[in-house]
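Contents: one structure, followed by commentary.
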Amino acid sequence: MTLLPQEIIARKRDGEVLSRDQIAGFIEGLTTGTVTDAQAAAFAMAVYFRNMEIDERVALTLAMRDSGTVLDWTGLNGPAIDKHSTGGVGDNVSLMLGPILAACGAYVPMISGRGLGHTGGTLDKFDAIEGYSTNPDIETFRKVVEKVGCAIIGQTDDLAPADRRLYAIRDVTATVENISLITASILSKKLAAGLDALILDVKTGSGAFMKTLEDSTDLANSLVTVANGAGMTTGALITDMNEPLASAAGNWLEVRNAIDFLTGAQRDERLLEVTLDLCAHGLVLGGLALDPDDGYLRAKVALESGAAAEKFASMVNALGGPSDIDGPRHDARHACPVVRDVFADEEGYVTAIDTRAVGMAVVVLGGGRTDPKAKIDHGVGFDQLLGLGARADSRTPIARIHARDAAIADDAEQRLKNAYRIGEAPKPNPVVYRYIEPTGNN
Ligand code: URA
Numbered sequence: 012m013t014l015l016p017q018e019i020i021a022r023k024r025d026g027e028v029l030s031r032d033q034i035a036g037f038i039e040g041l042t043t044g045t046v047t048d049a050q051a052a053a054f055a056m057a058v059y060f061r062n063m064e065i066d067e068r069v070a071l072t073l074a075m076r077d078s079g080t081v082l083d084w085t086g087l088n089g090p091a092i093d094k095h096s097t098g099g100v101g102d103n104v105s106l107m108l109g110p111i112l113a114a115c116g117a118y119v120p121m122i123s124g125r126g127l128g129h130t131g132g133t134l135d136k137f138d139a140i141e142g143y144s145t146n147p148d149i150e151t152f153r154k155v156v157e158k159v160g161c162a163i164i165g166q167t168d169d170l171a172p173a174d175r176r177l178y179a180i181r182d183v184t185a186t187v188e189n190i191s192l193i194t195a196s197i198l199s200k201k202l203a204a205g206l207d208a209l210i211l212d213v214k215t216g217s218g219a220f221m222k223t224l225e226d227s228t229d230l231a232n233s234l235v236t237v238a239n240g241a242g243m244t245t246g247a248l249i250t251d252m253n254e255p256l257a258s259a260a261g262n263w264l265e266v267r268n269a270i271d272f273l274t275g276a277q278r279d280e281r282l283l284e285v286t287l288d289l290c291a292h293g294l295v296l297g298g299l300a301l302d303p304d305d306g307y308l309r310a311k312v313a314l315e316s317g318a319a320a321e322k323f324a325s326m327v328n329a330l331g332g333p334s335d336i337d338g339p340r341h342d343a344r345h346a347c348p349v350v351r352d353v354f355a356d357e358e359g360y361v362t363a364i365d366t367r368a369v370g371m372a373v374v375v376l377g378g379g380r381t382d383p384k385a386k387i388d389h390g391v392g393f394d395q396l397l398g399l400g401a402r403a404d405s406r407t408p409i410a411r412i413h414a415r416d417a418a419i420a421d422d423a424e425q426r427l428k429n430a431y432r433i434g435e436a437p438k439p440n441p442v443v444y445r446y447i448e449p450t451g452n453n
């Protein structure tokens, strides 16, 4: 017996477990339009309060995956591997991880998103690169992945369209913050990308969506269990977001930071550790390394030999970007009229950072969105951000600000100063809290 959308909603509202067919039927209706926005919102709210069991989450994920095109990478000479981060500030890991994995023999078809709330988005960073196409046709995407080994692009209309519709409805009905829905939303897109293996970077701390280790672990366990249940070998690292990961936050400034990281001109220590750890586990999950130590070594060699930097340059060029991406003309293109140091009001050590507030200060500068359709300014943001435990004094600023005008710079400066606590040297936080191994069917 086929249930009507309102009957499926009523079952979930009353706390029943939905069958695979019921979930598939509802998602089909969402894709074809027979389920209305009101019904989709009611469904999301019912799930928000009643949650879903693991089997239901797997069914929802697979149904959303199958609502559109599912890419197939069979025939390549290596596994298709990708990473997903739950989002943070100064998190430009993807820009290095894609090229490092490619230099180690993986294929990385990375479909990334725009900034959300206080967090930056990989797509916005690539939009800062002159000529780079973040929405090539699928044939070009495929060719670049095959030839270079990695391509980082934006969401296409035909990948997981049911998620796009449901996410837009969740966004305006206070139903984003639910582990079942978040799990299915993230994984349906990754499964539609046709990956063999996925490494998740689940952030925890003041700049993460999940602030506590307990909540981050719950989300990581849900993602790992459901992804493996849906047939994609997946593990998760829980990493620290109690401070910006890179010493830069802002679109071009993070691209510059990534180029310096790849070429060896400058590498932020915590960023290096997270990037190499994610690569190490990604290589093991994809079958390209024996264990995490082997994976770490391979990733380190790919980075230090310059092979990853070459992959990055080839990818940028193959997707329409310039051949001199490291050249000064690109910094000049994004240069801001106001560049100034921000000093803390007192001397001492950085004891705490409200990382979310740092991300919001970037939004205030124009580097993020207050309206989903708004244009962003790729040049603005912060660099030389001090991390926890660093000393701030009259010669050492807490950051350098890049702004379009003095009034906006004043506002962002005040926000940044409010976000930093100065006092006695704190105990350092771990960079990586734990690894969650693949579970389930694999
Ligand atoms: N990112 C997504 O893609 N989906 C969610 O539901 C939350 C974050």
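So the sequence shown is numbered by this note's numbering: it starts at 12 and just counts up by one.
Beta carbons are placed, not taken as given, at the ideal position from N, Cα and C, and that holds for glycine.
1. If we ignore side chains and look at the alpha-carbon of each, how far apart do N452 and G240 end up?
2. I'd like the ranges of any alpha helix (DSSP H) spanning at least 4 consecutive residues and lying wholly in the region 321-362.
3. Assign N429 to one of two classes, buried (16 or more other C-beta atoms within 10 Å of its C-beta) or exposed (fewer than that).
4. Could you check where the alpha helix (DSSP H) with E294 kicks off and where it finishes?
5. Assess, as a yes-or-no matter, whether the region 228-239 is touched by the region 58-73 under the definition of 3 or more beta carbon pairs within less than 8 Å.
6. Please report the straight-line C-alpha distance between L427 and T184, rounded to a whole angstrom.
7. Please specify which runs of the beta strand (DSSP E), each continuous and at least 3 residues long, are wholly inside the region 377-413, giving them in chain order.
8. Tell me the DSSP secondary structure of M121 in three-state form.
9. Could you give the residue range of the alpha helix (DSSP H) that holds G40?
10. When the Cβ atoms of the region 396-414 are set against those of the region 153-160, are three or more pairs found closer than 8 Å?
11. Give me the pocket residues for ligand 1, defined as CB within less than 6 Å of any heavy atom, sorted by chain position.
12. Identify the continuous alpha helix (DSSP H) that holds G165 and give its terminal residues.
13. K94 by DSSP, collapsed to three states: which one?
14. What residues in its chain sit with their C-beta under 7 Å from that of T366, if we drop five residues either side in the sequence?
15. What would DSSP say about D251, mapped onto helix, strand or coil?
16. In or out: K386 buried (at least 16 other Cβ within 10 Å) or exposed?
17. Would the region 273-291 count as touching the region 303-315 if we require 3 or more Cβ pairs under 8 Å?
According to the structure data:
1. The predicted position of N452 is uncertain, since its pLDDT is 42 and thus under 50; a value taken from the coordinates is nonetheless stated next. Distance between the alpha carbons of N452 and G240: 5 Å.
2. As far as the region 321-362 is concerned, its whole alpha helix (DSSP H) runs of at least 4 residues are 339-345.
3. Exposed: under 16 other Cβ atoms inside 10 Å.
4. Here the sequence assigns Leu to residue 294, which means Glu is not the residue at that position. Element bounds for L294: E280 to L296.
5. Yes, they touch.
6. The C-alpha of L427 lies about 31 Å from the C-alpha of T184.
7. Counting only runs of 3 or more, we get 392-394.
8. Correct three-state label for M121: strand.
9. G40 -> alpha helix (DSSP H) spans R31 to T43.
10. In this structure the region 396-414 does not touch the region 153-160; the number of beta carbon pairs closer than 8 Å is below three.
11. Counting every residue whose Cβ lies closer than 6 Å to a heavy atom of ligand 1, we get Y178, V187, L192, I193, S196 and I197.
12. Judged by DSSP secondary structure, G165 falls outside any alpha helix (DSSP H) and instead within the beta strand (DSSP E) spanning C161 to G165.
13. K94: strand per DSSP, three-state reduction.
14. Within the same chain, T366 has close Cβ partners V100, G216, S217, G218, M252, N253, E254 and P255.
15. DSSP places D251 in the strand class (E or B) of the three-state scheme.
16. Here K386 is exposed: its Cβ has fewer than 16 other Cβ atoms, across all protein chains shown, within 10 Å.
17. At 8 Å Cβ cutoff, the stretches touch.
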